[in-house]
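Residue numbers (the working numbering), protein chains in the order written: chain S, 5 to 327; chain L, 5 to 714; chain H, 24 to 411; chain W, 69 to 387.
Right under this line is the structure:
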């Protein structure tokens with residue numbers, strides 16, 4: 005078993021409203037080992053992105069607030085770091101790739117500027133060296149004629165190229181961990197595949213870990229070593245990719261799997277989970293999934309389910325579903 | 005981060021730089037103690053900028069204030085308001101009078117007499133004058149010389165406009181065969197000359213003279229027109245007052261040229277030149293000829309009797325050599341303008357005047373200041389101050405602030421501040437009566453103002469003393485008529501209208517107005533109501549508006565008030581005679597000429613008698629005052645007119661304002677005594693309240709002066 | 024996997040019971056607004072000011088007002104605040120209602136408190152009417168430009184307008200016959216056009232007269248550009264100085280020189296709203312233009328306009344004060360805070376309350392309008408709301 | 069690019085023409101007449117008034133007056149009715165006087181507003197933000213002349229130094245440095261007065277623009293790169309927030325023409341605003357119209373410049 009690069013323990017992030025408290029992340033724990041690709045899966049609004057942003061201390065405070073938990077990165081608790089110390093981690097050791105490549109790149113600077121800046125802030129490099137590194141990075145992420153692209157503005161690139169630039173920027177300082185927050189959601193399907201392949205190939209060549217956040221189980225199946233399924237601010241199931249796909253232990257996971265188009269047969273109605281993710285400020289009591297759960301029993305409405313170990317690192321939070 | 009540092013440091017540096025300048029700025033004390041030159045400057049504020057510094061063109065007060073220092077007239081008024089020679093050393097006034105021999109009228113005891121006969125007749129009468137009535141005797145005594153002008157022929161061309169105005173102007177030649185004419189030279193001007201002569205020559209000797217047979221029009225025109233022209237061309241009688249000025253030999257312009265009679269004549273011509281659009285044309289319109297007798301003597305003949313004539317020569321004299329045709333053409337060529345249309349108005353003289361007054365022009369920055377420096381060649385000796393600065397500060401409160409901080413030497417105080425500033429040991433105060441009065445004028449053409457009882461009642465309802473003490477803070481004086489209070493023309497014996505609201509109600513009742521059940525005055529079912537208006541921008545008038553409204557409400561008159569912007573007020577209401585009553589002021593001259601404001605011929609739209617005062621007796625007096633050159637008689641006529649106007653109450657005369665000026669107490673009069681000793685005196689105002697009379701002798705001291713009691 | 028049937032109704036109910044308590048838009052707005060303490064203070068004073076102004080107009084007008092702002096008591100002039108009147112010197116009718124000069128008296132002995140009361144109403148009227156005019160004109164112009172912007176004015180429209188206005192001018196100049204003929208021709212032409220249009224459903228574009236000359240949007244936006252070319256205070260000053268001074272002229276002038284911002288905003292809003300689905304849907308259902316505008320688009324566009332109107336009122340009050348200072352404000356007999364202040368400034372050393380009371384009053388009221396408007400704007404801004 | 073320039077020049081010329089017509093009509097159709105002559109002065113006669121009217125073409129039909137006026141304006145021969153001086157020379161002189169006031173005021177406004185507004189946006193809802201908000205609105209809400217008088221009276225009665233005008237009078241013999249500093253001192257209060265209002269308004273704009281921008285994804289990206297906060301706010305956020313200010317920046321210059329009438333009158337500062345104000349009072353039509361025309365030109369030039377500036381600031385815009 006490899007050493008844990010990052011381990012999040014019992015993280016609670018709440019957002020204070022006027023007279024409500026939105027418990028966006030409500031006791032989440034997960035681990036990422038070196039060189040591993042971990043996926044965090046769940047519908048929109050279930051706290052995936054918040055968890056990821058909390059790792060880099062990027063949630064807006066106020067209203068956001070980390071109520072409890074630890075984020076151990078190579079043994080240090082990131083939550084206890086001061087802002088300048090944290091800045092040394094961001095980009096250098098943990099980098100992030102965001103969902104919307106168009107809005108995530110600053111429209112008024114050339115991509116060259118933006119990549120250079122990412123390097124310079126952490127390493128004093130001579131201008132020549134800097135330029136060479138930028139070109140190499142762009143070449144690495146598969147952008148043709150990188151010398152000219154450096155002078156381009158984001159709006160001059162295609163969606164896929166922009167995401168490649170984002171990835172290049174994330175890789176600029178050779179981070180140990182890349183958090184990719186739904187990097188392919190906004191892209192065309194063909195481009196999605198290219199980006200996924202790119203990420204995989206880079207990961208293979210550089211020994212880095214990836215925390216991949218997505219709602220798309222299809223993607224998960226392709227790249228993940230291990231999967232965490234999140235619902236309403238908690239992890240409802242975790243395990244290796246095969247385990248999760250072959251024997252999902254939680255009705256929510258089952259529902260997600262059932263909604264995959266590839267799994268439905270032709271002519272059959274596409275499956276969907278009724279209802280939506282609950283408002284984090286008004287979560288149901290007991291198991292947060294029970295209002296949408298087809299197998300819910302009365303106990304689900306009152307008792308918060310504990311994690312049940314199915315062995316081999318496969319855990320789920322449903323006492324009803326039996327293997 | 006560079007941007008951030010720049011954005012914060014930049015303004016900080018600017019602020020620090022701005023604030024440190026405080027260390028360099030002199031305080032009130034430092035301005036004089038550390039800076040001897042400041043003592044030789046007089047700095048005075050003005051609310052508005054001058055328009056032009058050419059005395060024949062400008063017409064506002066700031067301009068004339070500067071002009072009075074840069075230019076000098078032939079004469080001015082002394083402490084007692086008598087004429088005093090300036091550029092003119094002395095002057096003589098006499099009269100030349102003419103009349104046509106009326107061979108068609110019989111002379112008593114002589115029958116029909118021809119020209120030489122009339123001369124003979126008067127000469128004889130003069131010799132045995134003892135038997136004649138005293139006025140006639142007096143008149144004859146004044147006649148120094150009688151000359152007969154033989155008959156003459158001449159012709160003039162008259163232009164005749166067609167009535168509709170769209171046909172071309174017809175030119176008509178008028179041939180005149182003038183009969184013999186008598187010219188008399190009188191030692192003193194006498195407006196009753198012909199009245200008295202007619203007692204000698206027969207009542208209708210002058211009136212029966214018919215000029216029509218002596219003129220012939222070619223081509224002929226209708227009789228009426230011809231008669232009019234004949235009357236103009238052959239006036240039966242004619243007064244020609246003459247003024248002869250003797251100029252000082254040593255008066256120089258600021259550029260060193262000696263001022264001569266030619267310059268004076270040039271100034272007159274410049275005023276009369278239509279191209280110059282001078283607002284002073286009406287002053288000189290009665291002038292017939294201006295002759296230069298020799299370089300220092302000037303003879304001015306008037307077309308008719310016009311007693312304010314002498315005062316008009318107080319106007320500044322222009323230098324001919326800078327403004328004559330050739331000089332202007334040269335300037336036009338230099339500026340690249342068309343020399344034919346270039347007039348004095350476009351000349352740079354407007355903003356760089358050269359005169360012969362005690363100060364010479366130095367600089368003028370529009371809306372900032374006008375700078376004068378003293379003229380060392382001034383004929384009366386140069387003034388003490390080296391510089392005269394007029395600063396233009398449009399806001400009174402800021403003027404006050406500047407005065408406190410020592411960068412102004414004088415300040416025109418507002419009434420409510422007088423008390424406070426009089427106590428301040430740093431300043432000295434002067435006050436005097438101004439030449440302007442404020443009144444409530446009624447439109448006499450409209451009911452109910454056509455009734456003198458109503459006008460009296462309105463006047464009696466207003467407590468003027470109240471206004472003076474509370475609105476003006478006692479800075480005003482009650483008046484009863486239109487003459488300047490400081491002059492003899494004003495009759496102080498005339499009692500003001502009493503404040504008597506009950507009496508006013510009584511008067512209204514007499515005039516037929518009765519109170520109705522709501523308390524309003526009513527006559528024939530109509531309420532007594534009207535609108536009182538004034539112009540905006542004058543707080544005191546606004547206050548009077550409010551007070552009058554309130555006072556009249558007490559006696560049951562429903563008054564609405566309206567404050568209008570000046571140009572609207574004048575052009576829409578006053579000029580079109582569209583008002584009931586208004587609060588306004590007149591600025592009076594010292595001369596008692598009331599023709600434009602009170603004569604019945606001036607009541608049309610756009611004329612100044614807009615209240616519509618028409619009174620035959622008053623008209624006669626106004627004309628007489630205009631024609632009288634004898635001061636005592638003029639005063640008597642004025643008093644009579646004053647009494648008449650006070651009786652008629654065409655408007656409610658309220659008050660003349662008093663002005664108060666504050667000066668820095670360190671300003672004193674510095675004079676050389678006859679024994680050569682320097683003498684410092686406290687500034688004292690003259691009888692008329694003019695404290696700047698000795699301005700040329702003023703100077704500022706570094707320390708507060710202590711005067712010994714005298 | 025087989026199609027599993029979920030008990031949908033149950034789940035829906037359960038979810039609804041759990042989701043956030045239903046709030047109306049207004050409720051939500053109020054909740055957001057309430058958080059901003061400054062804005063709440065602003066609102067409170069705003070309401071107080073409204074009450075003062077309304078009571079002011081009631082108490083100071085009429086034949087025998089409770090507080091007479093025009094009552095001149097010369098012997099009582101320039102008394103400081105909280106002075107008791109000298110009862111002996113006054114007639115019973117002249118004694119101030121409160122038995123005390125709450126804010127002192129001015130240079131004519133008028134009770135400053137009464138004048139401030141009256142001024143509150145006048146200042147408020149000036150502000151409201153001026154802004155009302157500007158909002159009306161702005162919304163109208165902006166709405167037309169935004170909604171009908173793509174439509175063109177054709178040559179025949181221009182001709183019809185020219186003929187009509189020529190007719191009006193002729194009538195005005197007294198040439199009745201020619202004028203009437205022109206007017207009649209114009210009206211007949213317009214009527215025929217409208218009739219043809221309703222018959223055929225749409226205007227047919229034929230011949231030179233139906234050539235598109237310029238689009239409505241261009242015309243209106245050029246008008247906005249032209250208006251924006253004038254420096255606003257200078258323009259107001261020019262017009263106010265040239266036309267006869269009256270309260271109504273000032274309101275109209277301020278209103279007519281400040282509608283451009285609103286017009287631009289409404290136009291932009293309409294342009295984006297027009298593309299939105301619900302409008303397309305309404306159109307597809309055959310809803311009339313005006314119903315779409317007033318029922319569907321206006322409510323969406325107008326709320327932010329109203330917020331800026333709040334701030335506009337504050338600006339109008341300040342503008343009026345500035346004009347008063349230059350001598351072009353609302354003329355007497357109307358007292359406004361602006362002209363009380365500028366009248367009082369000459370007495371700043373001898374009677375400072377004449378300057379400070381209206382000055383501070385303007386300051387407070389304008390401040391409250393601004394804070395209130397800002398709070399409202401913040402509360403209504405959806406972007407800030409999400410993050411808040 | 070060229071076609072854009074040509075198109076906007078044509079468009080702006082047309083606008084300018086309409087502006088000139090409108091301003092001409094406003095002034096000439098208003099009741100009352102310009103008169104250098106004071107109609108109540110007994111020395112003026114109706115004939116003289118008539119002659120003045122002729123001299124100034126006031127008796128001609130409006131369109132002829134319009135042509136006369138703009139012909140004179142374009143040939144530079146236009147003169148003021150009040151004092152017969154060339155209008156352009158007068159405006160230039162006043163422009164130079166207004167310039168220091170304008171430069172200092174603008175400099176302070178356009179520098180200080182940014183840090184104040186940005187800080188306020190970053191710490192939104194905090195004590196700093198709330199007090200700055202309050203202060204800004206206080207400054208916006210205070211009637212300008214009231215504030216100016218309070219400042220002047222404070223300075224004059226406590227420090228006993230002159231503050232009005234462009235310099236202390238009667239100092240012309242003192243040293244060069246003294247005179248310079250004296251002028252700077254006289255610049256201080258009016259320019260600060262001018263700037264406070266500007267700073268208050270502009271910092272509010274900066275704040276709301278920054279709030280808008282700070283929530284954008286690229287700001288988060290910048291933070292995630294590990295950039296220090298100053299770089300995040302002042303480079304990444306500010307640069308984007310600047311876009312709307314380009315429009316405002318283009319409109320600064322016309323502000324110089326309109327000037328600050330009130331401040332210039334109070335401080336008897338002989339600037340553009342005061343000249344315009346006095347021209348209005350005197351109904352000096354040539355000056356009013358010329359000022360109006362120039363300011364319209366400047367507004368149009370300003371918008372043109374800001375259109376061009378957009379090209380520089382926002383790379384997404386291409387012509």
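Where a beta carbon is used, it is the ideal one built from N, C-alpha and C, also for glycine.
Residue-level contact to chain W via CB, residue i, 7 Å cutoff
| i | result |
| --- | --- |
| residue 103 of chain H | no |
| residue 285 of chain H | no |
| residue 7 of chain L | yes |
| residue 252 of chain H | yes |
| residue 135 of chain H | no |
Length of the line joining the Cα atoms of residue i and residue j
| i | j | result |
| --- | --- | --- |
| residue 296 of chain S | residue 279 of chain S | 7 Å |
| residue 504 of chain L | residue 556 of chain L | 12 Å |
| residue 293 of chain L | residue 239 of chain L | 18 Å |
| residue 106 of chain W | residue 179 of chain L | The pLDDT assigned to residue 106 of chain W is 49, lower than 50, so where the model puts this residue is not dependable, and the model offers no usable value. |
| residue 543 of chain L | residue 345 of chain W | 21 Å |
| residue 206 of chain H | residue 199 of chain H | 10 Å |
| residue 213 of chain S | residue 222 of chain S | 20 Å |
| residue 48 of chain L | residue 689 of chain L | 18 Å |
Neighbourhood of residue i by C-beta distance below 7 Å, restricted to the same chain and skipping five residues each side
| i | result |
| --- | --- |
| residue 120 of chain L | 152 |
| residue 374 of chain W | 314, 315, 317, 318 |
Bridge partner(s) assigned by DSSP for residue i
| i | result |
| --- | --- |
| residue 441 of chain L | L:590, L:660 |
| residue 655 of chain L | L:445 |
| residue 526 of chain L | L:518, L:531 |
Residue-chain proximity (residue i, chain H), Cβ-Cβ < 7 Å
| i | result |
| --- | --- |
| residue 375 of chain W | no |
| residue 478 of chain L | no |
Contacting residues, own chain, Cβ-Cβ under 6 Å from residue i (five flanking each side not counted)
| i | result |
| --- | --- |
| residue 468 of chain L | 482, 658 |
| residue 369 of chain L | none |
Neighbour flag for residue i against chain S, beta carbons, 7 Å
| i | result |
| --- | --- |
| residue 189 of chain W | no |
| residue 263 of chain W | no |
Distance between beta carbons of residue j and residue i, contact taken as under 8 Å
| i | j | result |
| --- | --- | --- |
| residue 306 of chain W | residue 186 of chain W | 7 Å |
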